[in-house]
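What follows is a single structure, written as structure tokens, with notes after it.
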Amino acid sequence: MKDMNPDDISGEYREHTLTYQDGTQRKVLVTENETPLPDGRLIVSRTDLNGIITEVNQSFVEMSAYHKDELIGMPHYILRHPDMPAAAFKGLWETVQKREKWHGYVKNLRKDGGFYWVYATVIANIRNNEIVGFTSVRRKPSRIKVTEAEALYQTL
Amino acid sequence: MTHNFSVSPDFNPSHISGWYIFNTWLQRAISENIHLELYNDFESHRNAIATDQLDLIYANPYDAALLVRDKGFVPVACPENRSDEAIIAVNKESPLVNIEALSEGTRISSTDDPDVRMMCMIMLEPAGLDKNNTALNQRDTYVLVAKDLLKNDADIGFFLEETYNDLSEIIRGQLRPLVQSEIHVIHHLLLAGPKLASKRDEIQQSLLSMSDDEKGKGVLKSLNFQGWSAVEQEDTEFMIDLMDTLTE
Ligand SMILES: Cc1cc2nc3c(=O)[nH]c(=O)nc-3n(C[C@H](O)[C@H](O)[C@H](O)COP(=O)(O)O)c2cc1C
Numbered sequence: 001m002k003d004m005n006p007d008d009i010s011g012e013y014r015e016h017t018l019t020y021q022d023g024t025q026r027k028v029l030v031t032e033n034e035t036p037l038p039d040g041r042l043i044v045s046r047t048d049l050n051g052i053i054t055e056v057n058q059s060f061v062e063m064s065a066y067h068k069d070e071l072i073g074m075p076h077y078i079l080r081h082p083d084m085p086a087a088a089f090k091g092l093w094e095t096v097q098k099r100e101k102w103h104g105y106v107k108n109l110r111k112d113g114g115f116y117w118v119y120a121t122v123i124a125n126i127r128n129n130e131i132v133g134f135t136s137v138r139r140k141p142s143r144i145k146v147t148e149a150e151a152l153y154q155t156l
Numbered sequence: 157m158t159h160n161f162s163v164s165p166d167f168n169p170s171h172i173s174g175w176y177i178f179n180t181w182l183q184r185a186i187s188e189n190i191h192l193e194l195y196n197d198f199e200s201h202r203n204a205i206a207t208d209q210l211d212l213i214y215a216n217p218y219d220a221a222l223l224v225r226d227k228g229f230v231p232v233a234c235p236e237n238r239s240d241e242a243i244i245a246v247n248k249e250s251p252l253v254n255i256e257a258l259s260e261g262t263r264i265s266s267t268d269d270p271d272v273r274m275m276c277m278i279m280l281e282p283a284g285l286d287k288n289n290t291a292l293n294q295r296d297t298y299v300l301v302a303k304d305l306l307k308n309d310a311d312i313g314f315f316l317e318e319t320y321n322d323l324s325e326i327i328r329g330q331l332r333p334l335v336q337s338e339i340h341v342i343h344h345l346l347l348a349g350p351k352l353a354s355k356r357d358e359i360q361q362s363l364l365s366m367s368d369d370e371k372g373k374g375v376l377k378s379l380n381f382q383g384w385s386a387v388e389q390e391d392t393e394f395m396i397d398l399m400d401t402l403t404e
């Protein structure tokens with residue numbers, strides 16, 4: 001995956017190098033700009049068995065600040081924010097592989113370096129008793145829950 | 157053999173005759189005897205589903221999961237360009253300007269429509285509200301929900317968008333939407349049960365060509381539908397997965 005491009009970033013940023021589960025490394029550029037999720041919206045995406053994005057809805061595209069064709073076919077970690085602890089995603093994958101529902105508060109990284117908080121649910125898509133992919137739906141969290149999650153994630 | 161058809165009890169009362177007209181049209185189109193039974197409440201409708209009395213259902217997304225995954229129903233079609241969206245409304249004079257301004261103890265007025273209830277409770281989450289720190293008034297109709305707001309017997313009211321827009325001018329003029337869902341992918345749909353499964357393609361074809369002739373157009377008008385769109389198994393599975401992420 002390509003490093004983030006300084007030309008895409010609005011405002012001052014800090015640099016991080018993330019190493020993903022599959023060994024890929026990527027330089028990400030991070031600002032302190034938060035974009036709140038508008039009320040009444042849901043952000044929806046689906047992935048294949050390996051977490052490669054296969055479908056996104058309009059709210060997903062708008063909140064991520066990417067174009068749709070920059071997202072489809074990419075690993076879902078394209079949204080991974082350096083402030084998110086690896087343990088959270090490990091828990092996500094273990095839970096959905098067991099065909100259970102995963103819930104969590106997630107800070108996601110936008111193409112412009114900013115971030116947005118969501119309350120996410122991920123489930124396995126089961127067809128004929130086999131897992132064929134995963135679906136995630138995110139909604140707007142309360143400020144209190146975000147503050148709690150921020151504090152917790154700093155300790156992990 | 158007569159088949160039994162029913163409509164999710166959140167149907168708009170002004171479309172009751174429309175559903176009877178639709179049923180007459182459908183029986184001719186597929187040469188089957190179909191009896192329409194409209195239930196006034198969700199409990200008796202659920203009962204009919206549980207005891208396998210229904211063969212054709214215009215179902216809400218909430219019931220679709222049970223019908224498709226446990227009862228062997230297959231998707232046929234859904235109304236064109238129409239998704240289920242919800243509105244949380246307040247009295248026009250209310251000082252509330254957004255969801256985050258709501259506090260614990262908020263008085264809610266709602267019908268027992270499970271779909272709308274779910275979407276609206278989700279829209280309250282950003283304010284830290286849930287069923288444990290709010291007070292719910294359950295009403296039989298959306299008009300009664302509106303009246304609770306007019307009389308200040310509730311702070312917020314839950315509505316299906318369509319029924320909110322169908323409220324009389326006088327009532328709606330005294331209300332204000334606080335927030336409106338934009339989910340797009342959750343909708344009612346027509347499902348055929350095991351006994352009608354062999355007729356599924358035929359029913360679908362008839363529905364898709366409904367807007368081609370004057371008679372069909374008239375029926376659609378009486379339901380306030382623009383037309384029907386085909387729904388395939390995977391479309392429905394996706395919607396059910398989505399509903400699953402939204403329910404406890
Ligand atoms: C359906 C689905 C949705 C996901 N959504 C996100 C997301 O919004 N943000 C995110 O950082 N990771 C998301 N993940 C997890 C990523 O696949 C990945 O595990 C995570 O970004 C951390 O990367 P890593 O596991 O390679 O370290 C999702 C996974 C699945 C299966």
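So the protein sequences, as listed, match chains A and B.
Anchor point for the first sequence: position 136 equals 136 in this note's numbering, and the numbering is continuous, going up by one each time.
Anchor point for the second sequence: position 77 equals 233 in this note's numbering, and the numbering is continuous, going up by one each time.
Ideal Cβ placement from N, Cα and C applies to all residues, glycine included.
None of the values given here were measured: they were computed from a predicted structure.
- DSSP places Gln-336/B in the uninterrupted beta strand (DSSP E) bounded by 331-336.
- The closest CA to that of Trp-181/B, considering only Ser-362/B, Glu-390/B, Asp-309/B, is found on Ser-362/B.
- Distances from the CA of Asp-112/A to each of Gly-11/A, Phe-134/A, Pro-141/A were compared; the closest alpha carbon is that of Gly-11/A.
- At a cut-off of 7 Å, the beta-carbon of Asn-57/A does not count as near ligand 1: no heavy atom of the ligand is closer than that.
- Taking the Cα of Gly-383/B as reference, the smallest distance to any Cα among His-344/B, Leu-346/B, Cys-234/B is reached at Cys-234/B.
- Taking the Cα positions, Arg-184/B is about 33 Å away from Pro-270/B.
- Residues of the stretch 250-278 of chain B with a Cβ closer than 9 Å to any Cβ of chain A, in chain order: Asn-254, Ile-255, Glu-256, Met-275, Ile-278.
- Around the Cβ of Gln-389/B, a 10 Å sphere holds fewer than 16 other Cβ atoms; the residue is exposed.
- Arg-110/A sits in coil when the DSSP states are folded into three classes, being neither helix nor strand.
- Close partners of Glu-188/B in chain A (Cβ separation under 7 Å) are lacking, with about 30 Å as the shortest Cβ gap.
- Per DSSP, reduced to three states, the secondary structure at Leu-152/A is helical.
- Relative to the non-hydrogen atoms of ligand 1, the Cβ of His-76/A comes within a distance shorter than 7 Å of at least one.
- At a cut-off of 8 Å between beta carbons, Asp-22/A makes no contact with chain B.
- The residue among Glu-256/B, Asn-189/B, Leu-194/B with its C-alpha nearest the C-alpha of Trp-175/B is Leu-194/B.
- An exposed status is given to Glu-100/A, since fewer than 16 other beta-carbon atoms sit within 10 Å of its beta-carbon.
- In the three-state DSSP reduction, His-159/B falls in the strand class (E or B).
- Taking a C-beta distance under 8 Å as the contact criterion, Leu-37/A and Lys-107/A do not qualify as a contact pair.
- Straight across, the Cα-Cα distance linking His-76/A with Pro-231/B is about 31 Å.
- At a Cβ-Cβ threshold of 8 Å, Ile-190/B and Leu-223/B do not count as neighbours.
- Look at Gln-336/B: its C-beta is under 8 Å from a C-beta on chain A.
- Pro-231/B: member of the beta strand (DSSP E) spanning 230-235, first to last residue.
- Residue pairing by DSSP puts Trp-102/A in a beta bridge opposite Val-122/A.
- Within the stretch 383-402 of chain B, Glu-393, Asp-397, Leu-398, Asp-400, Thr-401, Leu-402 place their CB atoms closer than 7 Å to a CB of chain A, listed in sequence order.
- Here Thr-47/A is buried: its Cβ has 16 or more other Cβ atoms, across all protein chains shown, within 10 Å.
- Between Glu-260/B and Ala-291/B, the alpha-carbon positions lie close to 9 Å from each other.
- Nearest C-alpha to Gly-40/A among Tyr-298/B, Ile-255/B, Thr-297/B: Ile-255/B.
- Distance from the Cα of Arg-328/B is smallest, within the candidate group Asp-397/B, Leu-300/B, Ser-164/B, for Leu-300/B.
- In the three-state reduction of the DSSP assignment, Asn-128/A falls in the coil class, being assigned neither a helical nor a strand state.
- For Thr-54/A, the uninterrupted beta strand (DSSP E) run begins and ends at 53-56, by DSSP.
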